[in-house]
Structure formats: C-alpha cells, structure tokens
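Trainee:
Residue numbers (our numbering): 392 to 1009.
#1: With a cut-off of 8 Å on the beta carbons, I'd call residue 1034 and residue 575 a contact; round off their distance for me.
#2: Pick from 639, 526, 599, 522: whose alpha carbon is nearest that of residue 560?
#3: Return the first residue and the last residue of the beta strand (DSSP E) that residue 808 is part of.
#4: According to DSSP, is residue 657 helix, strand or coil?
#5: Among the residues of its own chain, which have a CB less than 6 Å from the CB of residue 405, if the five just before and after it don't count?
#6: Is residue 929 close to the ligand FAD? I mean its beta-carbon at under 6 Å from any heavy atom of the ligand.
#7: Considering only their Cβ atoms, is the gap separating residue 507 from residue 625 smaller than 7 Å?
#8: If you draw a straight line from the C-alpha of residue 649 to the C-alpha of residue 677, how long is it?
#9: Checking 7 Å against the spacing of the C-beta atoms, do residue 863 and residue 892 come in under that value?
#10: Which two residues bound the contiguous beta strand (DSSP E) that contains residue 802?
#11: Helix, strand or coil: how does DSSP classify residue 898 here?
#12: Tell me the start and end of each unbroken beta strand (DSSP E) in the region 411–489 that is at least 3 residues and wholly inside, in chain order.
#13: Are the CB atoms of residue 830 and residue 794 within a distance shorter than 7 Å?
#14: Is the region 578–585 touching the region 612–626 in the sense that three or more CB pairs, one from each, lie closer than 8 Å?
#15: Answer with buried or exposed for residue 557, where buried requires no fewer than 16 other C-beta atoms within 10 angstroms of its C-beta.
#16: Pick helix, strand or coil for residue 768, following the three-state DSSP scheme.
#17: For residue 896, which of 874, 645, 931, 716 has the nearest alpha-carbon?
#18: Of the residues 854, 723, 861, which one's Cα is nearest the Cα of residue 691?
#19: Confirm, please, whether the CB-CB distance from residue 642 to residue 552 is below 7 Å.
#20: With DSSP run on the structure shown, which of helix, strand or coil describes residue 968?
#21: Taking the DSSP output, what are the residues bridged to residue 739?
#22: Quick check on this structure: which residue in 469, 630, 737 has the alpha carbon closest to the alpha carbon of residue 515?
#23: So, at 8 Å on beta carbons, what are the nonlocal neighbours of residue 654 in its own chain, with the 5 sequence-adjacent residues on each side left out?
#24: Using alpha carbons as the reference points, say which of 572, 908, 771, 760 lies closest to residue 814.
#25: What separation, rounded to the nearest whole angstrom, lies between the Cα atoms of residue 666 and residue 753?
#26: Is it buried or exposed, residue 748, if we count other Cβ atoms within 10 angstroms and call 16 or more buried?
#27: Look up residue 979 in the DSSP assignment and say whether it is helix, strand or coil.
#28: Within this structure, are the beta carbons of residue 497 and residue 430 separated by less than 7 Å?
#29: Identify the continuous beta strand (DSSP E) that holds residue 624 and give its terminal residues.
#30: With the cut-off set at 7 Å, would you say residue 746 and residue 662 are in Cβ contact?
#31: Label residue 981 either buried or exposed according to how many other C-beta atoms from any shown protein chain fall within 10 Å of its C-beta, with 16 as the threshold for buried.
#32: Can you tell me whether residue 475 is buried or exposed? The criterion is at least 16 other CB atoms within 10 Å of its CB, across all chains shown.
#33: I'd like to know whether the C-beta atoms of residue 467 and residue 495 end up nearer to each other than 7 Å.
#34: Measuring alpha carbon to alpha carbon, tell me which of 422, 532, 484, 455 ends up nearest residue 438.
#35: Sorted by chain position, which residues of the same chain lie with C-beta nearer than 8 Å to residue 523's C-beta, five sequence neighbours on each side aside?
#36: Under three-state DSSP, which class holds residue 758?
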C-alpha cells in the first residue's frame, strides 16, 4: 500500500517539474521545450531584459524535441504589444526526437517607455502519424525600456572670485537616476576643458564622487559634459551636458591676504578685578578667502572659531573675562589662506585705568566785601578731574543747603553756576558734592575745605581797639562769699591783635591768653569763683601787640562788688538816707527854737553869733 502511494506521488512530481520553466513547455512523454529571448538593442541585467529607448527588439525562439516522436508542421503563434491577432512564424517541417530547431525570429518591435513591452507566444505542431494538430499553452516574455539619467552636484574649494593660476579643488558627485548600470562615466568641465574624474560603474540609485585639483586659468560657469556607456547593445560613448550652479570668476590681480582686528569694551575704567565684556570685529581686508578662523585670548585660550571669512566680510564676536586695572590685554585672531598653510594674524590690545572719580571745586565771591544784609553771589566752577563720568550730581553747602543739580558731568569737563546769599554774621561753610560714577553706579562724595564768609570791616572804626566788658550775676553780697565773674572781649578795631594777655588787676591774676583776635571777633572768658570778704572793685587789663608791632593795652570799666554788715541786707542804703533826713530835721528844729528863745535865754556866745547871722539874713 505504501509503495503504491509513493509511486503515484513521484509520477505527479515528475510531471509538475516538467511544466515549471520560463519560456519553455514540457509534456510528460510528448514534450516540447521552447526557449525564447529578446535580441536587437537589448541587454540583460539581473535577469531582466532592457531595450534601448531608440532601438528595436525581436524575440528569438528555439524548440527542442524531448519526446520520442517526430514533430511536424511546427509553427509559433506570436502576439506582440498592441496586436489583436497573432503572427505565424513557420518553423521546420519536422523535428527529430532529441533535436533542437534552428533559431526562429519573431516580428520587430520598438520599446515603449510608457506602455506594455510584453510578447505572448505558443507553439502549434503535430506528431508524425497523427492527422490532428496540437498546441502548447501560451507563454509570455517582457522587455523593459532602459532609462539612462543622472544628477550631478558640482562644487569647488573656492567660491566667487579666484586668482589666475590659483589651485582649486573641483568635486563632482554623480547620482544615478537610471534603471540600468552606467559604465565608464567621465565628468569634464567643458568651460575649463578639465577632466574631473572617471567612475567605472554606477549602479541604479547609487552615488559616486570624483575630484581633482586644477590651476584655474579662466572662468567657469559650471558647465559639465558627462560621457558614459550603457550595458550591452544599449549604447556606447553616450554623453549628456549638465549645467550646475558653480561659478568661478578669474581676476588678474595679485592675491593679498590680510586680516584686521578691532574691539571695544563696556568699561574703560574699573575699581579692581571685575568682569568686562569685549566686543571684537574681525575683517578680511585682503582679496583671498581665509579659513579656519580662530580667536584666542591673552592666555592663548581659544574662545571662538569660524569656518571661513570672505574678502571684505566682517564678523563680530562678544565674550566676557575678568580683568584688572593697570594690565595690558592682547587678543589674537588668525586664519589660514585658502588652499595653503599660510597663517594670517592680527592682534588688538587694551588696558583699563584704575577707576578714580575726582572733582575740583573753585568758589569765588561776586563782591570784594560782604556787607551784612546785602545779597551777593557765590560763583562755582566744578571740574571733573577724574577718569569717569559722574551722574545725578548734587552740590550742597554745609551752611546754606542745596546749591545746584546736574544730570551728568563728563570726565574732563566743567560746569559753572552761582548761588545768591545774604549774611548777617560771619560764617564757615564747606562744599559737598554727591554723585554716581557711570561705570560702577556707586556713590561718590566729595567735601571741600571750609571757606570763611567774613563780613566787611567798617572803615570808620579805629585801627586798633578792644572792648572789654567785665560783669557778674550780682554786684553785692549780704556777707563775705564767692562771686563768679565773666569777661567778654571783642576786637572792635580794623586790625587784628596778637599775643593778648588778660589780667585781673586787683588780684594780679592772669585769666586768659589769646594768640590772635581778628577784627570783629569776640571771646568770652570765664573767671573762676573769687572769695570777696569786703567791698572790692575789679578791673581787667589787656596787653598785647598790634598789627604795627607796637604794644597795645586796654582796660575794662571797674566792677564793684559790695559786701553788707550784720543783717542789713540790701536795705542798708535806704536806712542811711532816712537817718540823714532825721538828722537834718533835728537841726532845723533846733534852729527854729534858738531863734524864738534868743532874748530870754543867755546862750553861749557862739550860739548867739549863729543866731545873729541867721537874723541878718532874714
């Protein structure tokens, strides 16, 4: 049972294998093998036949008799693209078993890039000894139209203008847009008559690059001529003109490579180590392209790069570093001349001053002499002698308040203004300036020395005169005790007095020394408490030297301090007056009595004489 099943399976397998073949047909015993292939402008690639788009093709057939019978009246019925009825191709009258017929060629067809290129065929025949015809099943063979195309990207190491004789690298990248391989692709710059390179083979969809270095003697607009071959009979020595975007213009001038570096900073003066922003400008001042641009700081540290800079092009770079005042900082920029190893360098250096805000203030009076109660002007000249601009400037006087305001006072410049004043007495004042420096925004304060505003001297006053006023809180004491004295001295003359010595004469006590007393200047001298036991008069004497070098003296008015007895206190003087009045009244009464009694009484002779004189006067 199993052997039978296996036998049946093998028979079926053999029959099936005989039918599986492209362009062939086989029968179990009466088998015919048909081989078919395109001929003409045709090439095979990866098992696919391609025809030239401008060529024709035909199908060539061969019939092999693998049966045990003689085949007779063999015909091939071929239906080409777009045909409704088949064409009949007559073959051999007979074909012995095991033999292959001579080639049979079908009709000629043109390749249609947009249509069908499939040819259908079948074989009609008869077996010797049979009257009926047989035919095979229908087969087909397809041909594709070869499409040869490509894209070229053409570049150079230089752009735009180049110098005559300059060495430039030319590069062409070819990308295949074909459905068949391309062979022996030669790329030529037709403007320069310069071969760029040869690509031996380029598969469909693949890319390849060729390059060369050439001395440019004339301009090119990037026009290329590409020579190539197609496979087999599809075409040889084909060419295509390609226009690219590359443009090189040749100039006759000599190449000059030059680089210029300039810069600026956001600060010119600094108080100490601070971060400063540098803004640099590098310009290609030559007529050659510079590549591999590098910026290096004073430590040789690279802080910026650029691939290339064209002639006349400028690039700006900003960076920040910590710097110190009083130190020079040099920055380097360098670039390499295109297509050479020559380096072009340029440097820029700067330094920073120590930030020193400073002003000078000059004050002058509009009058020669200040008179009490009369207005005058105080004139100012404020100079910024520092190295930084000042902002929000306010000028004040310690004795008069705010004088003037300014939005700014640039370094090296000055401002003038005035302030009207009225004085009643001598005054001292200093100028105070407050501002912000424009670099650090910190407050700056300046104070000038004090200036004396002295009222004018009356010319009618004596040259040398000193007023001395000696006073006390009390001029009398109930009983012996201590008294405090005060001495007020004032130079009421027009000249200063020098080396004044003040002495309390009654006590022979020096109470003060004054080295100089200016006109109009006064001083109060406090005398320590003095013990007064009885009524006493005090005088202060001053001795010194006048402006003329002569000795000068002056005295105060006397000051008497009275000391009273046993409890009479301050009523003593009143009682004394009353007592005197009583005595006078008594004398008057006695006189009247003597007058009345002069005749009845014998009075002493001297009393009578007094009475007589009194009577005669009446």
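All C-beta atoms in this analysis are idealised placements derived from N, C-alpha and C, irrespective of residue type, glycine included.
Mentor: By the coordinates alone:
#1: There is simply no residue 1034 to check, as the chain begins at 392 and stops at 1009 in what is shown.
#2: Your numbering for residue 560 matches position 169 in the chain shown. Of the listed residues, the one whose Cα sits closest to residue 560 is 639.
#3: Numbered from its first residue, the chain shown carries residue 808 at position 417. Looking at the DSSP string, the run of the beta strand (DSSP E) that includes residue 808 is 805–812.
#4: Along the chain shown, one-based indexing puts residue 657 at 266. DSSP places residue 657 in the coil class of the three-state scheme, outside both helix and strand.
#5: By 1-based counting over the chain shown, the position of residue 405 is 14. Note that residue 405 has pLDDT 49, beneath the 50 cutoff, so the model's placement of it is unreliable and the number below is only indicative. Spatial neighbours of residue 405 in its own chain (CB-CB distance under 6 Å, excluding positions within 5 residues in sequence) are not present.
#6: Among the components of this structure there are no ligands whatsoever, and the ligand FAD is therefore not found.
#7: Taking the first residue of the chain shown as 1, we reach residue 625 at position 234. Taking the first residue of the chain shown as 1, we reach residue 507 at position 116. Cβ distance not < 7 Å, so residue 625 and residue 507 don't count as in contact.
#8: Position 258 of the chain shown, counting from 1, holds the residue named residue 649. Position 286 of the chain shown, counting from 1, holds the residue named residue 677. Rounded to whole angstroms, residue 649 to residue 677 spans 4 Å at the Cα level.
#9: Translated into the one-based positions of the chain shown, residue 863 becomes position 472. Translated into the one-based positions of the chain shown, residue 892 becomes position 501. Result no, Cβ atoms of residue 863 and residue 892 do not sit closer than 7 Å.
#10: In the chain shown, the residue the question calls residue 802 occupies position 411. Looking at the DSSP string, residue 802 is not in any beta strand (DSSP E), and its letter there is neither H nor E.
#11: Position 507 of the chain shown, counted from the first residue, corresponds to residue 898. Three-state DSSP puts residue 898 in a helix.
#12: Annotation: the region 411–489 contains the following complete segments of the beta strand (DSSP E) (minimum length 3 residues), in chain order: 423–431, 433–436, 439–442, 447–456, 462–470, 478–481.
#13: In the chain shown, the residue the question calls residue 794 occupies position 403. In the chain shown, the residue the question calls residue 830 occupies position 439. One thing to note: residue 794 has its Cβ no nearer than 7 Å to the Cβ of residue 830.
#14: Result yes; three or more Cβ-Cβ pairs closer than 8 Å.
#15: Translated into the one-based positions of the chain shown, residue 557 becomes position 166. Taking a 10 Å sphere around the C-beta of residue 557, we find 16 or more other C-beta atoms and assign the residue as buried.
#16: The residue given as residue 768 occupies position 377 in the chain shown. Residue 768 carries a strand assignment under DSSP once its states are collapsed to helix, strand and coil.
#17: Numbered from its first residue, the chain shown carries residue 896 at position 505. Answer by Cα proximity: 931.
#18: Reading the chain shown from its first residue, position 300 is the one you call residue 691. Closest option to residue 691, judged by alpha-carbon separation, among 854, 723, 861: 723.
#19: Residue numbering aside, residue 552 sits at position 161 when the chain shown is read from its first letter. Residue numbering aside, residue 642 sits at position 251 when the chain shown is read from its first letter. Taking 7 Å as the Cβ cut-off, residue 552 and residue 642 qualify as a contacting pair.
#20: Against the chain shown, residue 968 aligns to sequence position 577. Reduced to three states, the DSSP call for residue 968 is helix.
#21: Working through the chain shown from its first residue, we reach residue 739 at position 348. Per DSSP, 722.
#22: Your numbering for residue 515 matches position 124 in the chain shown. Nearest C-alpha to residue 515: 469.
#23: Sequence index remark: in the chain shown, residue 654 carries index 263 (1-based). Cβ within range, chain order: 669, 670, 671, 672, 722, 739, 741.
#24: Reading the chain shown from its first residue, position 423 is the one you call residue 814. The option with the nearest alpha carbon to residue 814 is 760.
#25: Here residue 666 is taken as the residue at index 275 of the chain shown, counted from 1. Here residue 753 is taken as the residue at index 362 of the chain shown, counted from 1. Put simply, the backbone Cα of residue 666 is about 37 Å away from that of residue 753.
#26: By one-based count along the chain shown, residue 748 stands at place 357. The Cβ neighbour count for residue 748, taken over all protein chains shown within 10 Å, is at least 16; the residue is labelled buried.
#27: Locating residue 979 in the chain shown gives position 588, counting from the first residue. Of the three classes helix, strand and coil, the one that applies to residue 979 here is helix, per DSSP.
#28: Numbered from 1 along the chain shown, position 106 holds the residue referred to as residue 497. Numbered from 1 along the chain shown, position 39 holds the residue referred to as residue 430. Not a contact, by the Cβ cut-off of 7 Å.
#29: Here residue 624 refers to the residue found at position 233 of the chain shown. It is not in any beta strand (DSSP E) - residue 624 carries neither H nor E in the DSSP assignment.
#30: For the purposes of this step, residue 746 is taken as the residue at position 355 of the chain shown. For the purposes of this step, residue 662 is taken as the residue at position 271 of the chain shown. A Cβ-Cβ contact shorter than 7 Å links residue 746 with residue 662.
#31: For the purposes of this step, residue 981 is taken as residue 590 along the chain shown, with counting starting at 1. Counting Cβ neighbours within 10 Å, residue 981 comes out exposed, since fewer than 16 surround it.
#32: As a working note, residue 475 is residue 84 in the chain shown. Exposed, by the Cβ-count rule.
#33: For this step, residue 467 is matched to residue 76 along the chain shown. For this step, residue 495 is matched to residue 104 along the chain shown. Cβ distance < 7 Å, so residue 467 and residue 495 count as in contact.
#34: On the chain shown, position 47 is the one that residue 438 refers to. Selected option, being the one with the closest Cα: 532.
#35: As a first step, residue 523 is located in the chain shown; it is residue number 132 there, counting from the start. Here the set comprises 517.
#36: Taking the chain shown and counting its residues from 1, the one referred to as residue 758 is at position 367. Of the three classes helix, strand and coil, the one that applies to residue 758 here is coil, per DSSP.
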